[in-house]
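Positions in the sequence shown are counted from 1; adding 8 to them yields this note's numbering.
Virtual Cβ for every residue (Gly too), placed ideally from N, Cα, C.
Below: the structure, in structure tokens.
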Amino acid sequence: MESKHLKRSGALLAIALFWAGCQTVPDADEGAPDNASAEQSAQTAEDENQGGGGAYYQPFIRDNRYVVSSSRGLMSGNSSQANQMNMETQMYRLMQDTFPTDQYVLQEGQAVNEDILSEWLARKSKDHPNGLNPEQADAPKYLNTMLEYDLYHASGDENQTLGGIALAIAINDSDQLNDDQEAVAIDQKTALKQGKAIAQEVLNRLRNNKKYVDVPIQFFIFHNAPADDISGGEMISSTVVSEDSTSFGDWSDTNTMNVAYGAEEAPNKEDSTLFERYRNDIEDFFPELSGLAGIGHYKDGRLGALDITINTPVNGYSETVALLTHAGEVANNTFNQGIRITITTKGPSGITGQATREAKAANFTIQPTVN
């Protein structure tokens, strides 16, 4: 594939980042919301973190090194950071039901390397016989990218064996066939149909490699949102193919949803009310802020995680620490302890710090990134 048709993202595996050597914000004893929505959110977060022995996989280390994927971030067209982050984080959490974190360790995908994915993202043609996008020039490109994780049995020895593969297929929200035409929209029904067809072909190709003949493979279909949609796309379906099988069983609706508060309607009205209360409190305390936005991540209609971004006009260390500390304290007083919350501050030069509270944790972990 010609390089001009491929785009590479600089997105990192955010859910593998842990902030070390950090100051913490004590939890508040009073003021936590007491309502049905909060109770549901707490139960959802608890359910999501029960299986697998923890919220994170231990990394698979080979020859004392962490092995990265050469195909990470390779795309056939434009996307957004929100799309990429949603696909990674949703896949990471959903696959724990199939591959529990106390039974498997994780390696970035190696089966679909850069050369393979570059070929697969192309339109099928004489030069690209393995292209997975339509050969017809008047048909939109459906496949945007893929994300793979390899799961190894956590046996504790040096000869760990591959126990499974998780692979997400991202389908474009639209595609512009040429400069003279408007983009062709790809709705969710079409995305699901095309995603399943691509998954079947990918399964056949993986099974032709003896390394992957007898391992279970979990497939996910992700539908991108438009690049200007701040809440990002959603994982819409998944299925597990048993070892040695070359056919799919039933696909399951993943029931995930992302809501940009203030711009989109939340499944639970109370969540929007709580976020607006939080926004007002922070903006009253720091009236010079440039803006505050929040994205709620829902599973089965219940809030399980919240990402908050606060834009500031300064890059100062002391201001960042003060803002993160206060933002964490207010979050503890506003939102139920059962949801995961990440607060990111951004100044004129970029990200200045982050505060994170895992589901059911009592404290926020704070890390300023400015000197």
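query: Reference E278; option with closest CA among R310, F68, G299, S255; result: R310
query: Exposure label - A50; buried when at least 16 CB within 10 Å; result: The pLDDT assigned to A50 is 41, lower than 50, so where the model puts this residue is not dependable; a value taken from the coordinates is nonetheless given after this. A50 comes out buried.
query: The stretch 266–285 contacting the stretch 297–311, beta-carbon criterion three pairs below 8 Å; result: yes
query: Rounded separation between D195 and D181 - CA only; result: 7 Å
query: Integer Cβ distance of I374 from V338, believed to fall under 8 Å; result: 13 Å between Cβ atoms; not a contact.
query: Reference D261; option with closest CA among A191, H231, L129, S255; result: H231
query: Counted within 10 angstroms of its Cβ, other Cβ atoms place N186 as buried (16 or more) or exposed; result: exposed
query: Nearest neighbour of D395, chosen from K134, L331, G241, S77 [CA to CA]; result: With the chain covering only 9 through 379, there is no way to say anything about residue 395.
query: From Q184, D222, S84, residue whose alpha carbon lies closest to that of G171; result: D222
query: Inter-residue spacing [alpha-carbon to alpha-carbon] between L151 and N138; result: 13 Å
query: Strand pairing of S87, partner residues [DSSP]; result: None, per the DSSP bridge assignment.
query: For P148 and I173, the rounded distance between their alpha carbons; result: 28 Å
query: Reduced DSSP category for F283 - H, G, I as helix; E, B as strand; rest coil; result: helix
query: Given R73 as reference, the closest of L102, M103, L114 once Cα atoms are compared; result: L114
query: N-terminal and C-terminal residue of the alpha helix (DSSP H) that G336 is part of; result: 325–342
query: Rounded C-alpha distance that separates P224 from G117; result: 14 Å
query: DSSP state of I290 mapped onto helix, strand, coil; result: helix
query: Through-space distance from A191 to T247, alpha-carbon basis; result: 30 Å
query: Option in I238, A268, P376, K218 with minimal Cα separation from D252; result: K218
query: Bounding residues of the alpha helix (DSSP H) (the contiguous stretch that carries S385); result: Nothing can be reported for residue 385, as the shown portion of the chain is limited to 9 through 379.
query: Beta-carbon proximity list for N319, same chain, < 6 Å, skipping 5 on both sides; result: S298, G299, K354
query: From V322, R101, L332, R348, residue whose alpha carbon lies closest to that of P356; result: V322
query: Residues sharing a beta bridge with N319, DSSP; result: G299, K354
query: T254, buried or exposed, once every other Cβ within 10 Å from all chains shown has been counted against 16; result: exposed
query: Cut-off 6 Å between Cβ atoms - residues of its own chain near N141, not counting five sequence neighbours on either side; result: R131, K149, L151
query: Bounding residues of the beta strand (DSSP E) (the contiguous stretch that carries A174); result: 170–179
query: Under 8 Å between C-beta atoms of L282 and F372; result: no
query: Closest Cα partner of T333 within the set A313, G312, I347, F293; result: F293
query: Sequence-distant residues of the same chain with beta carbon closer than 6 Å to Q362, five excluded per side; result: T352, Q375
query: Beta strand (DSSP E) segment containing E156, residue limits; result: 151–161
query: Burial state of T153 (16 or more Cβ within 10 Å); result: buried
query: For T377, the first and last residue of its enclosing alpha helix (DSSP H); result: Per DSSP, T377 belongs to no alpha helix (DSSP H) and is neither H nor E.
query: Local conformation of A274 per DSSP, three classes; result: coil
query: Three-state class that DSSP yields for D110 in the structure shown; result: coil
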